[in-house]
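Protein chains in written order, with the working numbering: chain W, 51 to 389; chain B, 7 to 804.
C-beta: ideal position from N, C-alpha, C; glycine also.
Data block below; observations after.
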């Protein structure tokens with residue numbers, strides 16, 4: 051009896067040793083069959099229990115069960131050990147494979163300038179106003195103090211409709227529409243599409259975008275205009291950009307100016323972009339002409355105001371060094387993806 | 007307007023280099039279009055004398071010249087035909103660089119050459135390369151050619167239409183004098199004449215002005231016994247420098263004075279003037295005139311004509327007539343100097359399609375007080391350079407002489423508009439510098455009288471602009487505008503557009519922009535817009551840009567075409583566009599969004615996933631995302647026909663009967679010329695309608711604390727039974743416990759479900775917000791739904 055007990059305990063020790071060193075699940079299974087399988091070591095030993103006396107059997111049965119449980123526990127441990135080793139033995143993921151992309155679309159460079167300009171001017175208290183693309187001569191020219199025989203009214207320069215209306219040549223008519231309907235103070239910007247009868251080339255397009263600004267209040271001056279455009283230039287193109295005013299002529303402002311930004315390419319030293327002048331001509335501005343105030347019923351003795359415009363394409367082209375305006379309307383996705 | 011630096015220095019001392027002058031005047035409002043150095047020969051070129059010419063022993067076309075710079079002669083090999091002994095010519099000595107070419111001591115066919123004799127072309131003076139440039143016999147041998155010839159700088163100015171006084175050298179000299187603060191330093195050229203003819207001019211010719219409104223002043227002088235010949239070198243050079251072609255002395259003088267004074271002049275051959283008479287009148291309708299350029303014009307009574315006793319002899323203010331042109335045979339000249347009505351001249355020039363230096367100035371307005379001075383100046387020059395004799399006196403028809411008007415300016419208003427205080431004395435100083443006369447001045451006001459060359463100054467604001475110019479716009483400090491809250495957000499029409507754009511970009515689509523103007527056929531194709539609804543231009547530039555786009559569709563189809571042609575087959579694009587059409591039930595202008603999906607959403611991946619292409623449900627999903635964000639109420643999607651799309655492959659989202667969007671697979675006829683690799687899907691979204699459609703408030707509803715129970719329904723139905731009808735039938739029973747219905751499978755297999763049929767499977771989720779559901783209650787609700795489906799629809803439950 052004692053011999054059988056020893057044999058059982060030896061089998062347990064052997065099984066534990068074998069399972070501890072099993073390299074894989076197949077090895078564990080092999081052990082299981084060797085010790086617990088129908089023809090295995092433990093059933094073989096247990097069959098010998100029949101030769102024992104009835105008194106001895108329960109004790110030996112208890113021992114055999116303990117051994118069986120011990121082996122089973124060793125099998126479980128081995129399996130758990132092997133399961134825990136997955137990362138060591140199975141293949142790693144190839145993290146260099148391409149991700150499944152969920153990208154944002156690309157905002158058109160013209161929209162980028164418009165959105166940025168709108169955001170900057172909103173911070174200064176401006177509100178966006180809008181008007182129709184199909185305008186009347188009154189809003190596009192007359193109310194803006196444009197003489198009847200001014201060349202810009204020519205059919206060579208402006209698109210007309212058979213009913214006498216026209217495609218607005220500037221966003222300035224929105225100024226008039228707003229002032230007609232609103233008492234001062236007024237702070238608006240008007241981004242929008244304009245049209246001129248220009249033969250298309252690298253710098254001309256029959257339609258283009260402008261942003262118009264208007265600020266009317268008591269004692270608005272050229273100094274305010276300069277302040278506002280300086281904030282705009284710095285926010286849009288960087289804090290190093292300088293602003294320059296030059297006298298100019300527009301029918302709807304007096305004094306009229308043109309404003310330049312120092313060249314962002316060469317920092318004002320002179321390069322091909324700024325034609326060696328160090329300055330980039332941006333657009334026109336000025337103090338609202340008293341005749342324009344008269345057209346909308348504002349008293350120029352009470353109110354003063356400034357207006358400014360800018361060409362969106364021009365700024366976008368400067369900003370991204372785009373040489374041909376037509377690229378902006380071609381929508382080649384390889385182009386769009388660059389911005 | 008071009009000025010020559012040499013020419014300008016006759017009237018004012020310019021204390022600045024040409025570049026500095028350009029900068030100064032730019033900041034005074036005279037923009038520079040270009041600066042060009044003319045007549046500047048390369049440095050190092052010297053005047054040489056050819057002492058002897060010998061044939062080159064080894065080359066027929068070359069000569070050996072002994073050349074002297076005043077001392078020891080040396081040999082130069084020369085290929086020019088005119089390198090004759092005795093000629094003074096330009097020499098580029100050894101070591102000098104012309105262009106990129108450095109002159110070296112060289113052997114030419116065995117003969118040593120110490121330098122190169124130059125043609126005008128080699129010196130950059132002209133295109134002449136026939137032979138050497140031959141210098142005058144008194145050219146200083148050995149001296150620098152650059153110093154001998156001198157050089158000039160020509161500046162091309164862009165003059166704004168309000169400043170016709172800048173269209174002359176004297177006008178620009180006046181501005182320079184004002185900018186230097188020395189208005190008195192302006193020098194007008196003398197007009198004294200030595201050669202005269204005592205006969206009174208009005209005894210020989212007469213002038214009659216029938217339309218003084220169109221011709222407020224007309225002066226005539228007569229110069230007799232002129233000799234027509236080329237004008238002197240200095241005048242020819244001056245004219246060439248500003249881009250005018252020399253013709254003969256008398257014509258050159260009228261052009262010279264035009265550029266000098268800004269007053270257009272015309273010289274008639276007096277002998278050819280019938281009746282020795284000038285009549286200024288309107289042309290009769292149909293009257294013909296042949297102008298100097300050889301063009302015959304048919305005139306109307308809108309055109310002002312200079313006529314003699316019989317016929318028209320000049321188109322007033324625009325161009326002279328051929329019939330009285332100055333020719334070599336001319337001996338007596340009638341010199342016209344006049345002022346014409348700007349509007350009338352502009353109309354004539356425009357209607358006849360002629361623009362001349364003369365009409366350009368009259369259209370903008372000439373200085374009426376300059377008329378007589380310019381005439382005297384030209385007469386003096388004709389006497390001097392054409393050996394003429396000036397007849398006594400002038401005929402001057404000038405009904406209403408110029409009366410200067412007065413304008414005043416308040417210091418308070420100057421400060422209000424400019425943002426800086428400027429004292430009355432300073433204001434007066436600036437205005438006087440410009441040639442205005444201060445008529446009264448106090449601490450608060452300055453009044454000035456306006457000279458005839460500044461008719462643009464009529465109001466206080468005009469004077470303030472002048473003050474700003476001379477004060478220096480860049481001396482005005484910038485000040486940030488005082489803080490202010492803009493108007494209410496819903497008054498700002500840009501927010502919705504920005505929001506839509508941000509959302510579409512967020513959905514991964516690139517933004518495009520296309521042209522508004524299209525050809526009629528392109529503009530209407532596939533849009534369903536009739537040709538008579540399209541807004542057409544009265545004066546298009548071309549038939550391809552003749553009308554406004556009535557839909558965003560044509561532009562995006564063109565965009566797709568461009569990209570496909572360039573091999574870009576994977577496209578996710580949108581455009582937000584303002585479209586225009588005359589339609590019965592839509593506003594004339596509205597905002598539309600066009601969207602494009604074609605190609606592969608995951609071309610960056612591999613295997614089957616890479617090959618997977620967009621289908622119509624991708625487009626539907628984009629629209630659902632767009633609409634979902636707006637929380638619209640009552641949106642429905644149903645099949646809808648549209649000419650842009652293939653039959654049976656398009657649908658529309660509507661809300662309260664209004665179309666929000668149509669989408670589908672693009673009709674093959676629109677893409678016939680494209681090599682599409684994948685099906686193309688487009689959506690046309692009515693942006694304004696979406697923003698106007700009713701949307702639900704966003705109110706919190708508590709999250710359910712009790713678990714849900716799912717039950718599936720599987721059924722077989724004809725393929726033509728839409729999913730939506732099944733969903734509507736399920737929801738139509740208004741089972742309170744039903745929370746959601748989700749389609750999870752569609753299966754088509756003739757063997758399993760029968761021909762023309764498909765199997766659909768749904769998961770129905772049940773939940774009671776107040777307590778845990780029992781199987782019994784779920785079974786009851788689910789059973790009812792199954793029963794009703796089987797009863798109401800031609801289906802077979804499985």
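**Asked** Who are the neighbours of residue 572 of chain B on chain W, taking C-beta pairs under 8 Å?
**Response** 382 and 384
Q.
When you compare the CB positions of residue 564 of chain B and residue 520 of chain B, do they come within less than 9 Å of one another, or not?
A. Using a Cβ distance threshold of 9 Å, residue 564 of chain B and residue 520 of chain B count as a contacting pair.
Q) Looking at the unbroken beta strand (DSSP E) that takes in residue 603 of chain B, where does it start and where does it end? A) 595 to 604
Exercise for the section: Report all residues from its chain with a CB closer than 8 Å to the CB of residue 9 of chain B; omit the five preceding and five following residues, and keep chain order. Expected result: Here the set comprises 160, 161, 163, 175, 178 and 248.
CB-CB length for residue 532 of chain B against residue 552 of chain B, believed under 8 Å:
That pair is no contact at about 18 Å.
Exercise. For a contact meaning CB atoms closer than 7 Å, what does residue 281 of chain W contact in chain B?
Worked result: 486
Chain-ordered chain W contacts of residue 551 of chain B [CB-CB under 7 Å]
Neighbours of residue 551 of chain B on chain W, chain order: 256.
Based on Cα-Cα distance, which residue from B:141, B:785, B:348 and B:69 lies nearest to residue 198 of chain W?
-> B:348
*Could you give the DSSP three-state label for residue 521 of chain B: helix, strand or coil?*
coil
inquiry  = Quick check on the burial criterion: 16 or more other C-beta atoms within 10 angstroms. Buried or exposed for residue 251 of chain B?
reply    = exposed
Worksheet item: What residues are listed by DSSP as bridge partners for residue 217 of chain W?
Response: In DSSP, residue 217 of chain W forms a bridge with W:184.
**Message:** Mapping the DSSP letters down to three states, classify residue 257 of chain W as helix, strand or coil.
**Reply:** Assignment of residue 257 of chain W by DSSP, reduced to helix, strand and coil, places it in the strand class.
Worksheet entry | Contact between the stretch 350 to 357 of chain W and the stretch 260 to 270 of chain W (3+ Cβ pairs under 8 Å) | yes
Anticipated Cβ contact below 8 Å, residue 45 of chain B with residue 156 of chain B, distance rounded:
7 Å
Query raised in the report: Which bits of chain W does residue 433 of chain B rub up against, with CB to CB less than 9 Å?
Result: The contacting residues do not exist; residue 433 of chain B stays about 14 Å from chain W at best.
Fill in: From W:378, W:275 and W:283, residue whose alpha carbon lies closest to that of residue 422 of chain B
W:275
(Q) Please list the terminal residues of the continuous beta strand (DSSP E) segment that includes residue 288 of chain B. (A) 283 to 288
Original post:
Which whole-angstrom value describes the C-beta separation of residue 534 of chain B and residue 649 of chain B, a residue pair presumed to lie in contact below a C-beta threshold of 8 Å?
Top reply: 5 Å
Legend entry - Cβ-Cβ separation, residue 385 of chain B to residue 227 of chain B (assumed contact under 8 Å), whole Å: Yes, residue 227 of chain B and residue 385 of chain B are in contact; Cβ-Cβ is about 5 Å, under 8 Å.
How is the alpha helix (DSSP H) around residue 159 of chain W delimited, first residue to last?
Unbroken alpha helix (DSSP H) run through residue 159 of chain W: 159 to 173.
Notebook entry, point to check: According to the Cβ coordinates, are residue 386 of chain W and residue 291 of chain B closer than 9 Å?
Noted result: no
Query raised in the report: What residues from chain W crowd round residue 415 of chain B, counting only those whose CB sits closer than 8 Å?
Result: Result: empty, since nearest Cβ-Cβ is about 12 Å, beyond 8 Å.
In whole angstroms, what is the alpha-carbon distance linking residue 781 of chain B and residue 787 of chain B? 10 Å
So what does DSSP say about residue 389 of chain W, is it helix, strand or coil? coil
message: With three or more C-beta pairs closer than 8 Å as the rule, is the stretch 164 to 173 of chain W touching the stretch 12 to 29 of chain B?
response: The answer is no - the stretch 164 to 173 of chain W does not touch the stretch 12 to 29 of chain B, with fewer than three Cβ pairs under 8 Å.
Look at residue 295 of chain W and residue 479 of chain B and say whether their C-beta atoms are less than 9 Å apart. Yes, they are a contact pair.
> Is there contact here, the stretch 240 to 257 of chain W with the stretch 274 to 294 of chain W, by at least three beta-carbon pairs under 8 Å?
Replying inline: no
Could you check the C-alpha separation between residue 89 of chain W and residue 142 of chain W for me, to the nearest Å? 40 Å
Q. From residue 772 of chain B to residue 751 of chain B, what does the alpha carbon distance come to, in whole angstroms?
A. Taking the straight line from one Cα to the other gives about 19 Å.
CB of residue 200 of chain W within 9 Å of CB of residue 389 of chain W, strictly | Cβ atoms of residue 200 of chain W and residue 389 of chain W: not closer than 9 Å.
Suppose you measure from the CA of residue 169 of chain B to the CA of residue 459 of chain B; what does that come to, to the nearest Å? 9 Å
query = Using a C-beta cutoff of 9 Å, does residue 608 of chain B count as contacting chain W?
reply = yes
*State the DSSP-derived secondary structure class of residue 84 of chain B, mapped to helix, strand or coil.*
strand
Is the CB of residue 379 of chain W under 9 Å away from at least one CB in chain B? yes
*Given residue 142 of chain B, which residues of its chain have a CB within under 8 Å of its CB, disregarding the five upstream and five downstream residues?*
94
Please classify residue 338 of chain B: is it buried, with 16 or more other beta-carbons within 10 angstroms of its beta-carbon, or exposed?
-> buried
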